[in-house]
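Here the numbering used here is used: the first residue of the sequence shown is 819, the next is one more, and so on. Accompanying notes for the structure given below.
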Amino acid sequence: MKEQNLTAYCGLYCGDCIRYKCKASEIANELLKEVDTHHFSEYANVKRTHMKEFENFDSVISSLKAIVTIKCEKPCRIGGNGCEGECEIIKCAEKKSIEGCWECDKFEKCEKLDFLKPFHANGAINNLKLIKKHGLDNWSKYRDKCYPWL
């Protein structure tokens, strides 16, 4: 896939994103099917009376279902819906007829980018500055790490 297509409107690089590159969603989906096929939930209900590790089995299933739903099928630039479903950043860029936030003079103070900070710290803003400096085709080799914990 082209570098341009992996660059989100907000400046994140989709190629680094857990939701895009990680196989956790597929594996979680396979595990849920296996649990269902073999009626493992019923087994866990009995087992939880003897093993405390099974007390929260329902929460495990809920978490697996959540992991399945966060899978990113394709980057927003080629028709995906963004990190949080309906993305205000995509709508804003389309309304302004710009390729991404790096073309907007107000991106450094834009509140629409705030929801990214818990996961990406200042990565999106730093990347937007890099895109502005190096261009959409050349910025990614200088990019900030996607997640602060990596």
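Glycine included, each C-beta is placed from N, C-alpha and C at the ideal position.
- request: Figure out for me which residue from Asp876, Phe925, Trp957 has the closest Cα to the Cα of Ser859.
  value: Counting from one through the sequence shown, the residue named residue 859 turns up at place 41. Residue Asp876 is the option with its Cα nearest to Ser859.
- prompt: Secondary structure at Thr855, three-state DSSP: helix, strand or coil?
  reply: To locate residue 855, count along the sequence shown from 1; it is residue 37. Assigned with DSSP and collapsed to three states, Thr855 falls in helix.
query: Can you find at least 3 beta carbon pairs, one from the region 915-922 and one from the region 949-958, that sit closer than 8 angstroms?
result: yes
query: Just to confirm, are Cys894 and Ala942 a CB contact at a threshold of 9 angstroms?
result: The sequence position of residue 894 within the sequence shown is 76, counting from 1. The sequence position of residue 942 within the sequence shown is 124, counting from 1. Not closer than 9 angstroms, so no.
- request: Within 10 angstroms of the Cβ of Leu946, are there 16 or more other Cβ atoms? Answer buried if so, exposed if not.
  value: Within the sequence shown, residue 946 is the residue found at index 128, counting from 1. So Leu946 counts as buried.
- request: Give the C-beta separation of Glu891 and Gly898 to the nearest angstrom, bearing in mind that I take them to be a contact with Cβ-Cβ under 8 angstroms.
  value: Taking the first residue of the sequence shown as 1, we reach residue 891 at position 73. Taking the first residue of the sequence shown as 1, we reach residue 898 at position 80. Indeed they touch by this definition, with Cβ atoms about 6 angstroms apart.
message: Taking its Cβ as the centre, do 16 or more other Cβ atoms sit within 10 Å of Asp962, making it buried, or is it exposed?
response: Mapped onto the sequence shown, residue 962 falls at position 144. When all chains shown are included, Asp962 counts as buried.
query: Between Lys870 and Tyr861, what straight-line distance do the alpha-carbon atoms span, to the nearest angstrom?
result: Taking the sequence shown and counting its residues from 1, one reaches residue 870 at position 52. Taking the sequence shown and counting its residues from 1, one reaches residue 861 at position 43. Whole-angstrom Cα-Cα distance: 14 angstroms.
task: Rank Gly900, Lys950, Lys935, Glu912 by C-alpha distance to the C-alpha of Asp973 and give the top, closest one.
output: Outside the modelled stretch of the chain, which goes from 819 to 968, sits residue 973, for which no answer is possible.
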